[in-house]
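Numbering (the working numbering), first residue to last: 768 to 1322.
The next block holds one structure in the form of structure tokens; read it before the comments.
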Amino acid sequence: MERTNHISGDVPRGLADVVVPGPQDAAVREEVSRRRTFAIISHPDAGKTTLTEKLLLYAGQIDVAGTVRGRKTQRAVASDWMELERERGISISSTALSFSYRGHVVNLLDTPGHQDFSEDTYRTLAAADSAVMVIDAAKGIETQTKKLFRVCAIRGIPILTFINKMDRLGRDPMSLLSEVEQILGIDAIPMNWPLGLGEEFRGVYDRGRQMALLFRPTEHGSVQVPMEELDLTAALDGGSAVTAQRVRQELELLDGAGVPFDRDRFLAGRMTPVFFGSAMTNFGVGLFLDSFLELAPPPGLRRSDQGLVPPDRQWFAGQVFKIQANLNPRHRDRVAFVRVCCGRFDPEADLTLARTGTKVRIKGSHRLFAREREAMEEAYPGDIIGLANTGGLRLGDTICEGPPFHFEALPQFSPECFATARCPDTKRRKQFTDGLEQLANEGVVQVFSTREAVREPILAAVGELQFDVVKFRLESEYGVRAEITPLPFRAGAWVAASADLVAVEGLARNIKVAFDHLGRAVVLAEDAFSIRYLQKKEPSLDLRPFTDNLFAPTA
Ligand code: G4P
768 MERTNHISGD VPRGLADVVV PGPQDAAVRE EVSRRRTFAI ISHPDAGKTT LTEKLLLYAG
828 QIDVAGTVRG RKTQRAVASD WMELERERGI SISSTALSFS YRGHVVNLLD TPGHQDFSED
888 TYRTLAAADS AVMVIDAAKG IETQTKKLFR VCAIRGIPIL TFINKMDRLG RDPMSLLSEV
948 EQILGIDAIP MNWPLGLGEE FRGVYDRGRQ MALLFRPTEH GSVQVPMEEL DLTAALDGGS
1008 AVTAQRVRQE LELLDGAGVP FDRDRFLAGR MTPVFFGSAM TNFGVGLFLD SFLELAPPPG
1068 LRRSDQGLVP PDRQWFAGQV FKIQANLNPR HRDRVAFVRV CCGRFDPEAD LTLARTGTKV
1128 RIKGSHRLFA REREAMEEAY PGDIIGLANT GGLRLGDTIC EGPPFHFEAL PQFSPECFAT
1188 ARCPDTKRRK QFTDGLEQLA NEGVVQVFST REAVREPILA AVGELQFDVV KFRLESEYGV
1248 RAEITPLPFR AGAWVAASAD LVAVEGLARN IKVAFDHLGR AVVLAEDAFS IRYLQKKEPS
1308 LDLRPFTDNL FAPTA
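Next comes the structure, spelled out in structure tokens:
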């Protein structure tokens, strides 16, 4: 799916290397150096949730694994907050988890793994400074991993790889490395090496320290596993002779023919350090967490329409990357998630919404640990803050102190699924309209109306499952039942300049004209061919791809 575009579209040419001037602050710089903000990407079922939980276990945030996410039978999921997620057992909305570990502040952006929710994931990646790619050792690189990897690659986000489920007999580790290199086109450098495979997986050899770490399993991997550090010979002596010979040969091969790890290439997204382990049994998780802190970059320069913005500026600026309403059914609020990009965030400061030039009033700012919130008095680059009830904020917005500017736009996608939404209960029309408006604001779906059926808006989404989310949320949050009927459209385009839209519908087969909430026109068609045909027939029509930047500051 190559639907992202213009990822650097906002940044004027010539400004790409210019660092925006302004006072810098040593205290902010100190905080920046402690921060690590990352997201975990994977194909569903590769073990992202399990690894997240085990990272929290090793960071001392939970004492016993199973509190964040139970086994299937008791899916009590602290990082998933919506009922639908629990029903389906998939994570729909991104979660921001923040914790301290060994003098660092780690911000983990949890991203949904299901392919139909990928837009949200892509926007979340825009808020991360690095990503951890989890791969199932038996399955290798899967479709969703590839798509997410590409978004990271376009944005130049450095990636660490965790090859999971080594406790199961999977693919040969060497072939997994070459698959990463071939399919993703980056160098894969093993930082550790598995000592035994499947049932014989007993530990890993840390290539940097040249030490073997042997683990003793615990029940369900619910607590940190006891670990023993040995030299390689002693470690291999305890296992089978076949494994010992194989590991020796593989390590020799890697040392002899392998490329050394190069931090600059990693930071440029051209090389990934690879760690083998098992999130379920905790084997290799502690080593991975410590290596992650060492390797992952702190917040860096962020692109904007004024050039590159350094994180240690004195003035605060942040970008809205996610909006979600009704996180907590008891509060019925709307939270804009802001990634702090530079400066110190102070809720009392004079903040401007760059798109409108108006002041932003902060009524409540929170740091999030799943469902629990903690009032936030200050935040630094890399931190994610939830701003409650700030109605005017939109996805992609920049809020800042000092002279306003805009951060680079968020990635935007072309919908491929369309449907009409109808509210059969005329008494609840207002709730229906309000609900749809909110879901459109959150980027869950796009909503269009047509002149002939104003009461039956057209919903547009990248994946079908998004419509289930709309239905579910309208019912649970707005008490309104919606009837959603699929439409045959598969493609569309913005009509940039004013045109004779009445005539347009007659020009090509099954073309429909609709309007978004700002009155901007789109044409919808059953295939991309019809759109191209329309353009050819009417060259004066200024058609723009759907991926053109809706979230741009001027939108
Ligand atoms: P996801 O968030 O990427 O979708 O994956 P998740 O962590 O939910 O893991 C998917 C399945 O893989 C789960 O099994 C999980 O227990 C299992 N798993 C995760 N890591 C490992 C590992 O290192 N080794 C092995 N053998 N399995 C692993 P499930 O049967 O779907 O659920 P459950 O009943 O175990 O919770």
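Glycine residues also receive a C-beta, built at the ideal position from the N, C-alpha and C atoms.
Indicate the three-state DSSP secondary structure (helix, strand or coil) for residue i in the structure shown.
i, result
"L1154", "strand"
"P957", "strand"
"G1259", "strand"
"V1105", "strand"
"F1112", "strand"
"S1307", "coil"
"I1278", "coil"
"L981", "strand"
"T878", "coil"
"T1123", "coil"
"A893", "coil"
"A904", "coil"
"R1174", "In the sequence as presented, Arg is not what sits at residue 1174; that position holds Phe. Of the three classes helix, strand and coil, the one that applies to F1174 here is strand, per DSSP."
"V899", "strand"
"V1129", "As written in the sequence, residue 1129 is Ile, which differs from the Val given in the question. The answer is coil: DSSP assigns I1129 none of H, G, I, E or B."
"V787", "coil"
"L944", "helix"
"L964", "coil"
"F1296", "helix"
"L1118", "strand"
"L936", "coil"
In the DSSP assignment, find the alpha helix (DSSP H) that holds residue i and state where it starts and stops.
i, result
"Y1147", "First-last for Y1147: undefined, no H or E at that position."
"G1273", "1268-1274"
"F1312", "According to the sequence provided, residue 1312 is Pro. The question's Phe does not apply to it. That residue, P1312, is in no alpha helix (DSSP H); its beta strand (DSSP E) goes 1310-1312."
"V1237", "1232-1245"
"L1285", "First-last for L1285: undefined, no H or E at that position."
"R1161", "That residue, R1161, is in no alpha helix (DSSP H); it is neither H nor E in DSSP."
"V918", "910-922"
At which residues does the beta strand (DSSP E) containing residue i begin and terminate?
i, result
"T1252", "1250-1254"
"L927", "926-931"
"R974", "Looking at the DSSP string, R974 is not in any beta strand (DSSP E), and its letter there is neither H nor E."
Taking all protein chains shown into account, decide if residue i is buried (16 or more other Cβ within 10 angstroms of its Cβ) or exposed.
i, result
"K913", "exposed"
"E854", "Confidence in E854 is poor, its pLDDT being 45 and thus under 50, which makes the residue's placement too unreliable to answer from."
"L936", "exposed"
"L867", "First, the residue type needs correcting, since residue 867 is Ser and not Leu in the sequence shown. With fewer than 16 Cβ atoms within 10 Å of its Cβ, S867 is classed as exposed."
"R1138", "A caution first: R1138 carries a pLDDT of 44, below 50, which makes its placement in the model unreliable, though a value can still be read off. Answer is exposed; the Cβ neighbour count stays below 16."
"P1306", "exposed"
"K815", "buried"
"R869", "exposed"
"Q841", "Residue confidence is low: Q841 scores 32 on pLDDT, short of 50, so the model does not pin down where it sits. Its coordinate-derived value is still stated next. Under this definition Q841 is an exposed residue."
"K839", "Note that K839 scores a pLDDT of 38, beneath 50, so its modelled location is shaky; the value from the coordinates is reported in the next line. Under this definition K839 is an exposed residue."
"P788", "exposed"
"D784", "exposed"
"L1310", "buried"
"P790", "exposed"
"H987", "exposed"
"L818", "buried"
Going residue by residue through the segment 983-1017, where are the continuous beta strand (DSSP E) segments of at least 3 residues, counting only ones entirely within it? 994-997
Can you find at least 3 beta carbon pairs, one from the segment 1020-1028 and one from the segment 986-999, that sit closer than 8 Å? No, the segment 1020-1028 is not in contact with the segment 986-999.
Item checked: Segment contact flag, the segment 799-808 with the segment 1083-1092, C-beta cutoff 8 Å, min 3 pairs -> no
Runs of 3 residues minimum, wholly inside the segment 1180-1227: which ones carry the beta strand (DSSP E) assignment? 1184-1189, 1213-1215
* Asked: Residue ranges of each beta strand (DSSP E) run of no fewer than 3 residues wholly in the segment 1033-1091, ordered along the chain?
  -> 1038-1043, 1069-1071, 1074-1076
With contact counted as at least three CB pairs below 8 Å, one residue from each stretch, are the segment 906-925 and the segment 1247-1257 in contact? no
Touch check for the segment 1056-1069 and the segment 893-905: three-plus C-beta pairs under 8 Å?
-> yes
contact_flag[the segment 1112-1126, the segment 1144-1151] where n(CB pairs < 8 Å) is 3 or more: Judged by Cβ distances under 8 Å, the segment 1112-1126 makes contact with the segment 1144-1151, as three or more pairs qualify.
Worksheet item: Counting Cβ pairs, one atom from each stretch, are 3 or more of them under 8 Å apart for the segment 1166-1183 and the segment 1115-1128?
Response: yes
Within 8 Å, do at least three Cβ pairs link the segment 1229-1239 to the segment 1267-1275?
no
*asked:* Any contact between the segment 1076-1084 and the segment 1100-1109? By contact I mean 3 or more CB pairs, one from each, below 8 Å.
replied: yes
Check whether the segment 976-992 and the segment 1045-1058 are in contact - that is, three or more C-beta pairs closer than 8 Å.
Touching, per the Cβ criterion.
If contact is defined by three or more beta carbon pairs under 8 Å, each pair taking one atom from either stretch, is the segment 942-959 in contact with the segment 1029-1043?
yes
### Contained alpha helix (DSSP H) runs [length at least 4] in the segment 792-840, N- to C-terminal order
793-801, 815-825
Q: State whether the segment 1173-1192 contacts the segment 1212-1232, with contact taken as three or more CB pairs (one from each stretch) at a distance under 8 Å.
A: yes
Exercise for the section: Decide yes or no for the touch test of the segment 1277-1297 against the segment 1205-1221: beta carbon pairs closer than 8 Å, at least 3 of them. Expected result: yes
Worksheet item: Is there contact between the segment 1194-1202 and the segment 1240-1249, where contact requires at least three CB pairs shorter than 8 Å?
Response: As far as the Cβ criterion goes, the segment 1194-1202 touches the segment 1240-1249, which means the pair count is three or higher.
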